[in-house]
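Each residue of the sequence shown is one higher than the one before, starting from 1 at the first, in full-length UniProt numbering.
Yeah, the Cβ is synthetic: ideal placement off N, Cα and C, and Gly gets one too.
A quick note: this is a predicted structure, and the numbers were derived from the prediction, not measured.
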Amino acid sequence: MSQRTRSHRLEDISIVEFQRLLPDEWVCRTKDKDYGVDLEVEIFDEDGRSTGLIFYVQMKATDKKGQERSVRMKIDRLSYLSSLDAPSIIVRYCAATRTTHFIWIHNVFDQIGPTSSASATVRFSEADTWSDETPLKVLRTIKILRTIRLGTRNLPLGLTVEDGGTTSSSVFELKLAASRLQRMSQMIGTSNDPDRCLPIAIHLKDNYLVASIDAIASINWHIDEFSSEKILPILTYILAYMTGRYEFHRQSSELIRIIHANQFTANNRIIAGRIAQLAINNPDTAADIARWNRIHAIQDEAYLTYLNALLSSEIPMVKREAAVTAFYTDAISDHDPTNNQNLSTICYSLANFQMNNGRLGEAVSNYNRARKLDEIYLQRTYFLNEVGACCFWSRHFRSASLFYSASYNLSPNPQVGICTGDALLYSGDFIGAKSKFEDVAARAPDELNGAEALTKAWLSSWLHDFYQRNNLVGTECISDRSTWISEIDRAQSTGEYPNALGAALMEAFLCDDDISLWAAAMSFALKTKNSQLILGTFSCAIWRNGYEVYASFRRHLERVALPEEDLAYFDQYATTLYEMRPAEKFQNVTKRLVSKNNFDCVVEINPNENIN
Numbered sequence: 001m002s003q004r005t006r007s008h009r010l011e012d013i014s015i016v017e018f019q020r021l022l023p024d025e026w027v028c029r030t031k032d033k034d035y036g037v038d039l040e041v042e043i044f045d046e047d048g049r050s051t052g053l054i055f056y057v058q059m060k061a062t063d064k065k066g067q068e069r070s071v072r073m074k075i076d077r078l079s080y081l082s083s084l085d086a087p088s089i090i091v092r093y094c095a096a097t098r099t100t101h102f103i104w105i106h107n108v109f110d111q112i113g114p115t116s117s118a119s120a121t122v123r124f125s126e127a128d129t130w131s132d133e134t135p136l137k138v139l140r141t142i143k144i145l146r147t148i149r150l151g152t153r154n155l156p157l158g159l160t161v162e163d164g165g166t167t168s169s170s171v172f173e174l175k176l177a178a179s180r181l182q183r184m185s186q187m188i189g190t191s192n193d194p195d196r197c198l199p200i201a202i203h204l205k206d207n208y209l210v211a212s213i214d215a216i217a218s219i220n221w222h223i224d225e226f227s228s229e230k231i232l233p234i235l236t237y238i239l240a241y242m243t244g245r246y247e248f249h250r251q252s253s254e255l256i257r258i259i260h261a262n263q264f265t266a267n268n269r270i271i272a273g274r275i276a277q278l279a280i281n282n283p284d285t286a287a288d289i290a291r292w293n294r295i296h297a298i299q300d301e302a303y304l305t306y307l308n309a310l311l312s313s314e315i316p317m318v319k320r321e322a323a324v325t326a327f328y329t330d331a332i333s334d335h336d337p338t339n340n341q342n343l344s345t346i347c348y349s350l351a352n353f354q355m356n357n358g359r360l361g362e363a364v365s366n367y368n369r370a371r372k373l374d375e376i377y378l379q380r381t382y383f384l385n386e387v388g389a390c391c392f393w394s395r396h397f398r399s400a401s402l403f404y405s406a407s408y409n410l411s412p413n414p415q416v417g418i419c420t421g422d423a424l425l426y427s428g429d430f431i432g433a434k435s436k437f438e439d440v441a442a443r444a445p446d447e448l449n450g451a452e453a454l455t456k457a458w459l460s461s462w463l464h465d466f467y468q469r470n471n472l473v474g475t476e477c478i479s480d481r482s483t484w485i486s487e488i489d490r491a492q493s494t495g496e497y498p499n500a501l502g503a504a505l506m507e508a509f510l511c512d513d514d515i516s517l518w519a520a521a522m523s524f525a526l527k528t529k530n531s532q533l534i535l536g537t538f539s540c541a542i543w544r545n546g547y548e549v550y551a552s553f554r555r556h557l558e559r560v561a562l563p564e565e566d567l568a569y570f571d572q573y574a575t576t577l578y579e580m581r582p583a584e585k586f587q588n589v590t591k592r593l594v595s596k597n598n599f600d601c602v603v604e605i606n607p608n609e610n611i612n
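1) Span of the beta strand (DSSP E) holding R92?
2) Where does Y246 sit, in a helix, a strand or coil, going by DSSP?
3) Under DSSP, the beta strand (DSSP E) around W104 begins and ends at which residues?
4) Return the residue from the list Q251, L304 and E247 that minimises the CA-CA distance to residue 623.
5) Within 10 angstroms of the Cβ of Y497, are there 16 or more other Cβ atoms? Answer buried if so, exposed if not.
6) In this structure, how does DSSP classify A201 when only helix, strand and coil are distinguished?
7) Would you grab the beta carbon distance between G417 and V440 for me? Rounded to a whole angstrom, and I think it's under 8 Å.
8) Applying the 10 Å Cβ sphere with the 16-neighbour rule, what's the burial state of N342?
9) Give the DSSP-derived three-state secondary structure of C28 in the structure shown.
10) What residue ranges within the segment 155 to 220 form continuous beta strand (DSSP E) runs of no fewer than 3 residues, ordered along the chain?
11) From the DSSP output, in three-state form, read off D84 for me.
12) Does the beta-carbon distance from A541 to F524 come in below 8 Å?
13) Start and end of the beta strand (DSSP E) containing A309?
14) So, with DSSP's three-state summary, where would you put T475?
15) Between which residues of its own chain and K319 is the CB-CB distance below 7 Å, once the five residues before and five after are set aside?
16) Using the Cα positions of A389 and T381, report the straight-line distance between them to the nearest angstrom.
17) Does DSSP classify K65 as helix, strand or coil?
18) Check this for me: beta carbons of R9 and R69, under 8 Å apart or not?
19) Which same chain residues, not among the five before or five after K230, have their C-beta less than 7 Å away from its C-beta?
20) Could you tell me which of A442, E162, G421 and D446 sits nearest to K434, measuring between CA atoms?
21) According to DSSP, is Q263 helix, strand or coil?
22) With H, G and I counted as helix, E and B as strand and the rest as coil, what does DSSP make of K60?
23) When the Cβ atoms of the segment 126 to 134 are set against those of the segment 42 to 51, are three or more pairs found closer than 8 Å?
24) Please report the residue range of the beta strand (DSSP E) in which F44 lies.
25) Per DSSP, what are the beta-bridge partners of R72 in this structure?
26) Using alpha carbons as the reference points, say which of W292, A423 and A370 lies closest to Y408.
27) Hey, how far is the Cα of F327 from the Cα of R481?
28) Please report the straight-line C-alpha distance between Y456 and L501, rounded to a whole angstrom.
29) Do R544 and D512 count as a contact pair if the criterion is CB distance below 8 Å?
30) Quick check: the segment 159 to 175 against the segment 251 to 263, are at least 3 beta-carbon pairs closer than 8 Å?
31) Ends of the alpha helix (DSSP H) at L150?
32) As an exercise, report each continuous alpha helix (DSSP H) stretch of at least 4 residues that is fully enclosed by the segment 520 to 589, in chain order.
33) Could you tell me the distance, in whole angstroms, from the CA atom of V589 to the CA atom of R153?
34) Please return the same chain residues whose Cβ sits closer than 6 Å to the Cβ of Y306, not counting the five positions on each side in sequence.
35) For Y367, count the other beta carbons within 10 Å of its own beta carbon; 16 or more makes it buried, fewer makes it exposed. Which is it?
36) By alpha-carbon positions, which one of A370, Y80 and S427 ends up nearest to C347?
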């Protein structure tokens with residue numbers, strides 16, 4: 001005869017005991033094991049009408065005294081409970097003490113924090129004991145969670161002061177600050193009804209102002225002086241932070257408006273930085289809030305998150321440029337002049353920003369300043385690449401080749417090597433360019449970079465011969481489109497297809513997305529019957545412009561009545577090259593290996609924060 005284990009009997013007992021604790025109107029249903037949770041509770045009102053509110057329950061029972069306030073659970077189980085479409089609680093029942101404790105799943109993750117472990121210990125406090133008042137608290141929490149999850153999030157804020165029945169001067173000042181804030185906006189009321197508002201309760205505890213959204217979230221803020229003048233700015237920042245965290249965008253924007261209109265500041269860098277970040281769609285407002293709170297003064301988490309938000313915003317750069325420049329300028333002015341590392345990172349970041357926005361002269365100045373403050377930059381390939389790019393677009397090609405070459409010597413990246421060769425080519429050093437391209441081709445780990453390098457090595461030789469044939473000096477004609485279009489027309493008329501190809505490539509490499517020119521270059525390469533030039537030209541064209549350039553070239557093949565089997569060969573050839581193409585477009589001559597929003601930051605986290 002089969003016999004039930006103690007754990008199975010204990011599980012049944014815990015469910016019965018939990019059901020006994022629920023109001024009679026609430027319906028508790030056991031869930032199938034496949035669902036992954038023990039119970040589903042649906043809440044009905046006193047008249048038996050459904051409220052539409054449900055929550056899930058994960059039971060954890062024990063019969064060992066001393067274990068009633070902790071339980072070990074797997075992280076994937078906790079994550080699953082958190083992912084359910086209704087709120088979840090973990091219930092700990094102890095048969096030995098006949099006590100029941102519970103905790104909301106969102107508070108579990110606040111408790112255990114980030115972890116790489118497979119499991120964690122969930123701990124229950126004395127306040128987590130299930131009592132006669134708990135059902136009302138659970139109902140209120142679920143209503144607030146529903147308000148937070150509403151797609152529109154248009155409800156006003158309900159701000160209430162919990163005075164605990166005391167009438168101290170500090171409580172009076174807190175109430176006065178709350179009243180003043182409520183008068184500043186129609187979005188902030190006095191209700192605490194979760195059906196009508198997002199209720200936020202505030203109270204004083206020792207030297208802290210505590211703001212909480214039920215059992216869902218809370219912020220403790222240390223206050224040195226309990227006056228309404230000191231409390232009001234802090235309270236406004238807290239509410240802006242909370243509403244922003246739960247994506248109540250209209251309410252958050254309104255609170256940010258109040259902060260900006262009154263020039264409020266906070267003594268908490270993380271929250272102040274977050275508010276500036278929330279204001280990023282209005283860069284001038286964000287910049288003011290960041291400056292008033294001196295976010296620029298310390299390279300910490302607040303500095304990093306605000307700056308990253310400002311640089312990566314989708315707002316047009318013309319509207320953000322002044323805010324970014326002001327932030328960097330203030331940072332340079334306010335940082336310790338003896339701290340070379342910090343100052344160098346700011347100068348470098350400002351230079352990179354200026355270069356990406358075409359302010360090349362200013363960028364070179366700040367790159368040089370960063371290098372003087374910290375010589376280690378000369379050992380960083382990304383720094384050398386970016387200075388090389390700045391020099392290249394300033395038409396200081398010889399200087400560009402020196403920086404790219406230094407980067408290539410540190411790390412022989414084929415793309416950097418190609419940029420080095422390009423700089424030599426445009427500086428008029430055709431022999432040096434040819435040598436560099438040949439070196440890249442010999443080292444390149446992939447066929448596409450190798451093919452481009454060999455093609456450009458051939459192009460360097462061709463350009464050297466072109467100069468000699470035409471008695472040319474200087475570099476003016478290298479970037480002159482009319483020179484190369486004229487040479488294409490001349491070479492085509494005489495059947496000199498290598499010359500037509502050389503002229504076409506000179507212009508095509510300057511205008512990467514000129515599909516018709518690249519298609520013409522593919523046709524000229526085919527007519528040279530040089531397999532290396534065909535591979536190099538085809539791969540460069542398809543790498544830059546995908547199937548579209550091949551489609552244009554293919555129409556040319558159809559016009560000359562190429563046999564079907566030959567056309568199929570080229571189709572397969574193009575497909576092979578296309579499949580070798582990187583997922584992201586190759587950073588070619590128009591990019592010069594510059595990464596947008598590349599900035600350095602020395603992160604010094606300030607641990608003196610208290611946010612739950």
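With the structure as the only source:
1) S88 to C94
2) coil
3) T99 to W104
4) Given a span of 1 to 612 for the chain in the structure shown, any question on residue 623 remains unanswerable.
5) buried
6) strand
7) 4 Å
8) buried
9) Under the three-state reduction of DSSP output, C28 falls in the strand class.
10) 157 to 161, 198 to 205 and 208 to 213
11) Note that residue 84 corresponds to Leu in the displayed sequence, not to Asp. In this structure, L84 counts as coil in the three-state DSSP scheme.
12) no
13) Segment E301 to S312 is the alpha helix (DSSP H) holding A309; no beta strand (DSSP E) there.
14) coil
15) So the list reads P283, once near-sequence residues are dropped.
16) A straight line joining the alpha-carbon of A389 with that of T381 spans about 12 Å.
17) coil
18) no
19) Residues I223 of the same chain have their beta carbon placed closer than 7 Å to that of K230, with the five preceding and five following residues left out of the count.
20) G421
21) coil
22) In the three-state reduction of the DSSP assignment, K60 falls in the strand class.
23) no
24) For F44, the uninterrupted beta strand (DSSP E) run begins and ends at L39 to F44, by DSSP.
25) T121
26) Comparing Cα-Cα distances from Y408 to each of W292, A423 and A370, the minimum goes to A423.
27) 41 Å
28) According to the sequence shown, residue 456 is Lys rather than Tyr. Approximately 12 Å, taken between the alpha carbons.
29) yes
30) The segment 251 to 263 is not in contact with the segment 159 to 175.
31) Segment: none, L150 is in no alpha helix (DSSP H) and carries neither H nor E.
32) 531 to 559 and 564 to 579
33) Low confidence applies here, because V589 scores a pLDDT of 37, under 50, leaving its location unreliable; read the following figure in that light. When rounded, the distance between both Cα atoms is 48 Å.
34) G273, A276, Q277, A290 and I295
35) buried
36) A370
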